[in-house]
Amino acid sequence: MRVVVIGSGYVGLVAAACFAEAGNSVLGVDVAAAKVEQLRKGEVPIFEPGLDDIFKRHLASGSLTFSSDLKDGIAEADAAFICVGTPQSEDGSADLRFVLQVAEEIGAALTLRPKNANPLIIVDKSTVPVGTAARVSALIGGTGTDRAFEVVSNPEFLREGSAIQDFLKPDRVVLGCTTDFAESVMKSLYAPFLSLSGGKWFRMDPASAELTKYAANAMLALRISFINEIAGLCESIGADVEQVKVAIGADHRIGPAFLNPGPGFGGSCFPKDLQALLKTGREHGRPLMALSATVEANRHQKQVLASKIRKYYDVVGGVPAPLAGHHFALWGLAFKAHTDDIRESMSLELIDSLLSLGATITVHDFEAMPAVKAKIGDRVTYATDAMACCEGADALLIATEWPQYKAADLNVVAQKLKAKVMFDGRNLFLPEAMRAAGWVYHSIGRRSVG
Ligand SMILES: NC(=O)c1ccc[n+]([C@@H]2O[C@H](COP(=O)([O-])OP(=O)(O)OC[C@H]3O[C@@H](n4cnc5c(N)ncnc54)[C@H](O)[C@@H]3O)[C@@H](O)[C@H]2O)c1
Numbered sequence: 000m001r002v003v004v005i006g007s008g009y010v011g012l013v014a015a016a017c018f019a020e021a022g023n024s025v026l027g028v029d030v031a032a033a034k035v036e037q038l039r040k041g042e043v044p045i046f047e048p049g050l051d052d053i054f055k056r057h058l059a060s061g062s063l064t065f066s067s068d069l070k071d072g073i074a075e076a077d078a079a080f081i082c083v084g085t086p087q088s089e090d091g092s093a094d095l096r097f098v099l100q101v102a103e104e105i106g107a108a109l110t111l112r113p114k115n116a117n118p119l120i121i122v123d124k125s126t127v128p129v130g131t132a133a134r135v136s137a138l139i140g141g142t143g144t145d146r147a148f149e150v151v152s153n154p155e156f157l158r159e160g161s162a163i164q165d166f167l168k169p170d171r172v173v174l175g176c177t178t179d180f181a182e183s184v185m186k187s188l189y190a191p192f193l194s195l196s197g198g199k200w201f202r203m204d205p206a207s208a209e210l211t212k213y214a215a216n217a218m219l220a221l222r223i224s225f226i227n228e229i230a231g232l233c234e235s236i237g238a239d240v241e242q243v244k245v246a247i248g249a250d251h252r253i254g255p256a257f258l259n260p261g262p263g264f265g266g267s268c269f270p271k272d273l274q275a276l277l278k279t280g281r282e283h284g285r286p287l288m289a290l291s292a293t294v295e296a297n298r299h300q301k302q303v304l305a306s307k308i309r310k311y312y313d314v315v316g317g318v319p320a321p322l323a324g325h326h327f328a329l330w331g332l333a334f335k336a337h338t339d340d341i342r343e344s345m346s347l348e349l350i351d352s353l354l355s356l357g358a359t360i361t362v363h364d365f366e367a368m369p370a371v372k373a374k375i376g377d378r379v380t381y382a383t384d385a386m387a388c389c390e391g392a393d394a395l396l397i398a399t400e401w402p403q404y405k406a407a408d409l410n411v412v413a414q415k416l417k418a419k420v421m422f423d424g425r426n427l428f429l430p431e432a433m434r435a436a437g438w439v440y441h442s443i444g445r446r447s448v449g
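Residue numbers for the sequence shown follow numbering that gives the first Met the number 0, so the first one is 0 and each next one is one higher.
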């Protein structure tokens, strides 16, 4: 089949490469001309494990091409996937500017299709509020086009860091559509992936498909905020959240996933998608109270590491620069491991808090340092490696769960630091082992040692 994928970011690039991997001819489109140039040269602008290999193979074979003009592909396409960003607007709702702009462009390009061509399947893959498929359809229909098309909703559930595996082997594919023809086109595109994974196929109406994406993200975020609150309670009553979480996760009604306590969730999806869903609830007179509490709990959680640090150094609020003279090593800048994405990363909030108290910071991350450098420049120092990051610091702070940090030789870390003090936002180490090795060790939802 011939596929156009509009937007070459984390979702669009992965979708384009994976559809090419399944034997389709794919045109990737992006409005950013510099990005298109980079892609044409074979350079992948993001870090996503496994993407580089698939991308380069299909670029070389010619089954994956790139353009900054979607007209280049619409004439002969079977399906056009809209994968552009839907950032948060000031009122919390999803900003549909880019989606609607692409819809207009597709509408204008439809005239390039032969009059007797099959309907073009226009796929909303971006995360968009309920009613967007209908809105996109009305917008394109409003151009007065006489070429056939159908707009469907096909939300994406991939996770950054394992996006290729998630796309190639999906748990499920959700399709909101109204005709059997649209379903048959989409089924052909996804059949190779579903036969590999045994994943489920859900056809439903577009509004239900659109809501499914938000409801899934809300559920996952709710679990994280829940376990973070239980972690806080554990600290107060002297319990250990790591023991509690495995025991509750063993209940098949609950399951173990997304029960890891940490420094609060960030990323490009949860924060904005939760706000958008809250807005949808308000608009329909259905305030989503459990979701409001999830957001509030996360706002609090993102301050937890900073407040543990303040407490340890006995920093009283209101005193100017009470951490002046203190220097920290920070491991982890990406919002989670295996990605270079720093959107809504809790590390950036931690950096802001500590700098405002007068501290200085040297940071390290395996993939996200260029993005942080581009965002905050020389407000922090960038280390060449994880060990160099610790040189002369008063304490080590851990914000991202890169496995390499967990595997680090703590004897070497201790030699580099001024004091054996660690604030671990990801519970990478065992408190008892840390105590035995003479560390002052603070983590999430467990007794502090030292
Ligand atoms: N990142 C994720 O993990 C993830 C997972 C599931 C769903 N989503 C959703 O998918 C959508 C895309 O997310 P992303 O993380 O890939 O975004 P992104 O910011 O990484 O990429 C978006 C791309 O769209 C391009 N673009 C913007 N306007 C355009 C236009 N008019 N024509 C062509 N290209 C245009 C941008 O230049 C950019 O390269 C969002 O709605 C997001 O919520 C993201």
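Glycine included, each C-beta is placed from N, C-alpha and C at the ideal position. Since we're looking at a predicted model, the values are computed, not measured.
What does the shell around ligand 1 hold, if a residue joins when its beta-carbon is under 6 Å from any heavy atom?
5, 6, 7, 8, 9, 10, 11, 28, 29, 30, 31, 34, 82, 83, 84, 85, 97, 100, 101, 125, 126, 155, 157, 159, 267, 268
DSSP has residue 337 in a bridge; who is on the other side?
BP columns for residue 337 are empty, so no partner.
Where residue 398 falls: helix, strand or coil (DSSP):
coil
Minimum C-alpha distance to residue 160 - residue among 443, 150, 57, 365
365
According to DSSP, what are the bridge partners of residue 203?
175
Run through the DSSP bridge pairs and tell me what residue 330 is partnered with.
363, 397
State the Cα-Cα distance for the pair residue 408 and residue 436, rounded to the nearest angstrom.
12 Å
Between residue 95 and residue 131, is the Cβ-Cβ spacing less than 8 Å?
yes
Where residue 137 and residue 384 are concerned, what is the direct C-alpha to C-alpha distance, given to the nearest angstrom?
53 Å
So what does DSSP say about residue 433, is it helix, strand or coil?
helix
So, with DSSP's three-state summary, where would you put residue 440?
strand
Rounded Cβ spacing between residue 148 and residue 118 (contact assumed at less than 8 Å)
5 Å
Can you find the residues in the same chain that come closer than 7 Å, C-beta to C-beta, to residue 25, ignoring five residues on each side of it along the sequence?
2, 4, 15, 18, 19, 62, 63
Using only alpha-carbon positions, find the residue among 150, 210, 199, 207 that is nearest to residue 184.
150
If I'm right that residue 443 touches residue 331 with Cβ under 8 Å, what's the distance once you round it to whole angstroms?
Not confirmed; about 14 Å, so no contact.
Assigned exposure category for residue 65 - 16 Cβ within 10 Å defines buried:
buried
If you measure between the beta carbons of residue 337 and residue 48, is that distance less than 8 Å?
yes
Drop a sphere of 10 angstroms on the beta-carbon of residue 85, count the other beta-carbons inside from all chains shown, and report buried for 16 or more, exposed for fewer.
buried
Is it buried or exposed for residue 201, if we count other Cβ within 10 angstroms and need 16 for buried?
exposed
C-beta contact flag for residue 176 and residue 125 at 8 Å
no
Assuming residue 244 contacts residue 258 (C-beta within less than 8 Å), just tell me the rounded distance between them.
5 Å
Secondary structure of residue 165, DSSP reduced to three states:
helix
Look up residue 380 in the DSSP assignment and give the residues it is bridged to.
361
Report the residue from 329, 217, 294 whose alpha carbon sits nearest the alpha carbon of residue 416.
329
For residue 266 and residue 340, what's the separation of their Cα atoms in angstroms?
7 Å
At a Cβ threshold of 8 Å, is residue 438 touching chain C?
Among the chains in the structure shown there is no chain C, since it carries only a single protein chain.
Can you tell me where the alpha helix (DSSP H) with residue 50 in it begins and where it stops?
50-60
Alpha-carbon spacing of residue 52 relative to residue 406, whole angstroms:
27 Å
Identify the continuous beta strand (DSSP E) that holds residue 1 and give its terminal residues.
1-5
Using beta-carbon positions only, say whether residue 58 and residue 28 come within less than 8 Å of one another.
no
Sequence ranges, beta strand (DSSP E) only - wholly within the stretch 122-171, length at least 3
148-152
Those residues which DSSP pairs with residue 105 across a bridge:
DSSP output for residue 105 lists no bridge partner at all.
Tell me which residue opens and which closes the beta strand (DSSP E) that residue 451 is part of.
As displayed, the chain neither begins before 0 nor continues past 449, which places residue 451 out of reach and without an answer.
Three or more C-beta pairs closer than 8 Å, one from the stretch 344-356 and one from the stretch 375-383: is that the case here?
yes
Host beta strand (DSSP E) of residue 63 (start-end):
63-66
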